[in-house]
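Okay, structure first, notes after.
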Amino acid sequence: MQNLQAFGLKDSQLVKTFSYINGSWHSSESQIAVTNPVNGEEVVKVANAGVAETELAVKSAKGALKKWSAKSANERAGLLRNWFNLMMQHQDDLGRILTIEQGKPLAEAKGEIAYGAAFIEWFAEEGKRVYGDTIPAPSGDKRIIVIKQPVGVVASITPWNFPNAMIARKAAAALAAGCTFVVRPATQTPLSALAMAELAERAGIPAGVFNVVVGDDARGMGEVLTQHPDVAKFTFTGSTAVGKSLISQCATSVKKVSMELGGNAPFIVFNDADIDAAVQGALVSKYRNAGQTCVCTNRIFVQNGVLEQFTEKFTAAVKALKIGNGLTEGVAIGPMITNTAVNDVEKLVADSIAAGAKLVLGGKRDQAGDCFYQPTILTNVTNNMPIASNEIFGPVSPIIAFDNEEDVIAMANCTEYGLAAYFYSRDIGRIWRVAEGLEYGMVGINEGIISNAAAPFGGVKQSGNGREGSKYGLDDYLEIKYLCMGGLDK
Ligand code: NAP
């Protein structure tokens with residue numbers, strides 16, 4: 005805790021080190037060190053919960069379900085709005101906590117807090133619009149009515165790359181729908197999740213409705229969350245490999261499942277694009293969070309007519325990105341999450357160069373520290389190199405040249421992933437052809453940042469199922485119940 009005071013927090017009570025279960029803070033016998041990826045130094049220790057605490061959290065969520073689901077949508081909206089207001093009031097502190105445990109620049113971290121909070125605000129309102137239906141019945145003595153009800157206890161596991169927003173996106177919809185919620189955040193980033201629990205309590209959200217269990221036994225805790233009979237729905241954000249095994253765990257009790265998994269986003273620049281806009285779009289969609297987001301541009305396809313112009317302008321823009329400690333003003337690229345993550349990126353770059361790619365910029369670790377990798381650009385890349393088929397999850401842009409529209413759509417779709425795609429063109433016919441031809445859940449057209457609370461976030465193919473945000477996002481937390489009223493002719 006002492007280390008944290010040096011980071012300029014206004015409200016040190018937001019730093020919690022125990023799991024939050026049934027409205028109280030639970031210590032554990034063992035502890036986990038939370039480290040700052042800038043220098044690997046320990047920031048604080050948190051209690052290491054396990055299977056028993058996870059079971060307790062599910063029990064508490066089950067215990068709180070009846071009362072929470074019986075509240076009116078208006079009452080729930082009021083409490084969610086309190087939570088949203090508190091998050092925005094403490095945006096600076098929450099951003100600092102996030103930067104300290106995760107590494108992204110403070111401005112981005114504060115942006116993540118506002119983004120996460122926006123889902124809470126949005127679903128608070130949307131929860132008031134859970135409408136049912138009446139359906140004309142096939143005979144006059146009957147009436148068909150459809151109502152929607154909360155699915156029940158929702159369990160979730162979230163990753164380290166958005167330690168606040170990946171929880172907020174799920175919890176907001178779940179709570180608004182009348183479900184209660186248990187989250188196990190990533191081991192590397194528990195503090196943002198626990199700070200959310202502290203604010204949920206201050207907001208007046210009742211005990212048991214929002215629970216956070218922190219622990220490094222991912223497998224054991226995951227088994228409880230995916231297999232416990234009292235869990236009605238499981239929602240996961242993380243890698244496709246882990247997501248697949250969690251889906252199969254959920255199969256044993258046929259849980260409702262939604263998955264936000266990996267991506268391999270193509271970013272296509274056509275000859276008719278506004279090149280300056282495309283450069284800006286590529287910059288933000290690639291280098292945000294040091295390239296560690298599921299919707300990050302993974303492959304940049306540039307049509308031959310503008311290849312030289314785009315590469316030159318893009319290289320100049322990337323060169324200007326400042327690398328360093330995310331708490332330092334003006335830094336655009338923070339550390340990667342771990343040394344291992346840097347090793348993986350180093351290998352992908354080395355393998356690409358060995359296979360014929362040309363290094364235009366970066367291509368090595370930075371002197372700022374062990375977890376820093378320089379913003380990198382490779383040209384002469386082909387779509388069959390490992391860097392094009394793997395999720396890079398680092399600040400590296402592989403540029404692939406192409407000749408025509410049909411070829412680039414085929415190359416863009418040649419992946420098992422289908423989360424986000426981007427393209428730049430000013431031709432209206434092409435815009436529709438390409439938008440419809442891309443096998444992705446989300447497509448940015450002349451736009452590099454596409455996610456917001458009002459829009460449906462999610463992927464197709466092996467990038468997952470279900471949607472977060474928007475009116476569609478609430479459906480994942482609701483069951484449809486059909487009521488048949490008969491005997492009405494008497
Ligand atoms: P990961 O390895 O799948 O980890 C994600 C979460 O799953 C962490 O909490 C992790 O716990 C936990 N976990 C790992 N193995 C588990 C197991 N056997 N049983 C239960 N839980 C387990 O993913 P990551 O590398 O940390 O995160 C990056 C991935 O997430 C990328 O593929 C990225 O594209 C994806 N992502 C997708 C979205 C989206 O919305 N589609 C958003 C963000 C990220 P520990 O922390 O203890 O390992």
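Going by the working numbering, the first residue of the sequence shown is number 5, and it counts up by one from there. Where is the CB? At the ideal position from N, CA and C, for every residue including glycine.
Supposed close pair residue i, residue j - CB separation, criterion 8 Å
i, j, result
"A457", "F123", "5 Å"
"I357", "T319", "That belief does not hold up - the Cβ atoms of I357 and T319 are roughly 17 Å apart, past 8 Å."
"I151", "G136", "4 Å"
"A181", "V235", "15 Å between Cβ atoms; not a contact."
"G295", "V400", "7 Å"
"M415", "N387", "5 Å"
"T184", "A68", "5 Å"
Rounded straight-line distance, which links the Cα of residue j to that of residue i
i, j, result
"F314", "L110", "29 Å"
"Q6", "T103", "Reliability fails at Q6, whose pLDDT of 49 lies under 50, so the model's placement of it is uncertain and the value that follows must be treated cautiously. In a straight line, the C-alpha of Q6 is about 17 Å away from that of T103."
"V310", "K368", "27 Å"
"H232", "V62", "8 Å"
"G468", "G491", "44 Å"
"R303", "M91", "35 Å"
"V186", "N215", "5 Å"
"N293", "G330", "10 Å"
"R434", "L18", "50 Å"
"P210", "V55", "23 Å"
"V158", "K71", "15 Å"
"A405", "I25", "53 Å"
"V364", "D374", "22 Å"
"T191", "T21", "12 Å"
"K260", "I432", "40 Å"
"N417", "F274", "16 Å"
"S143", "L98", "58 Å"
"S31", "A204", "19 Å"
"G27", "V213", "8 Å"
"E495", "K485", "Because the chain here runs from 5 to 494, residue 495 falls outside it and cannot be looked at."
"G4", "I101", "Residue 4 is absent from the structure shown; the chain starts at 5 and stops at 494."
"K14", "N308", "53 Å"
"F88", "E316", "43 Å"
Outcome for residue i when other beta-carbon atoms lying within 10 angstroms are tallied against a minimum of 16
i, result
"L265", "buried"
"W436", "exposed"
"I272", "buried"
"N168", "buried"
"G12", "exposed"
"E79", "exposed"
"L287", "buried"
"A113", "buried"
"Q106", "buried"
"E409", "buried"
Cβ pair residue i, residue j closer than 9 Å
i, j, result
"Y1", "A269", "The requested residue 1 is not part of the displayed model; the chain covers only 5 to 494."
"V495", "L229", "Shown here, the chain extends from 5 to 494; a query on residue 495 therefore has no answer."
"P379", "I391", "no"
"G422", "V464", "yes"
"I161", "L250", "yes"
"I396", "C300", "yes"
"Y476", "I449", "no"
"I452", "S289", "Note that residue 452 is Gly in the sequence shown, not Ile. Yes, these two residues count as a Cβ contact at 9 Å."
"A118", "Q95", "yes"
"L482", "V155", "yes"
"V38", "P194", "yes"
"N384", "G360", "yes"
"I341", "I327", "no"
"S262", "K237", "yes"
"A201", "R430", "no"
"R559", "A128", "Here the chain comprises residues numbered 5 to 494, so residue 559 is not present and cannot be evaluated."
"A321", "V283", "yes"
"D145", "D480", "no"
"R471", "G445", "yes"
Residue i at chain B interface by Cβ criterion, 9 Å
i, result
"S73", "Among the protein chains of the structure shown there is no chain B, as only one such chain exists."
Any 3 or more C-beta pairs closer than 8 Å across the stretch 171–184 and the stretch 118–135: yes
Give a yes or no on contact between the stretch 212–220 and the stretch 240–250, applying the rule of three or more CB pairs nearer than 8 Å. no
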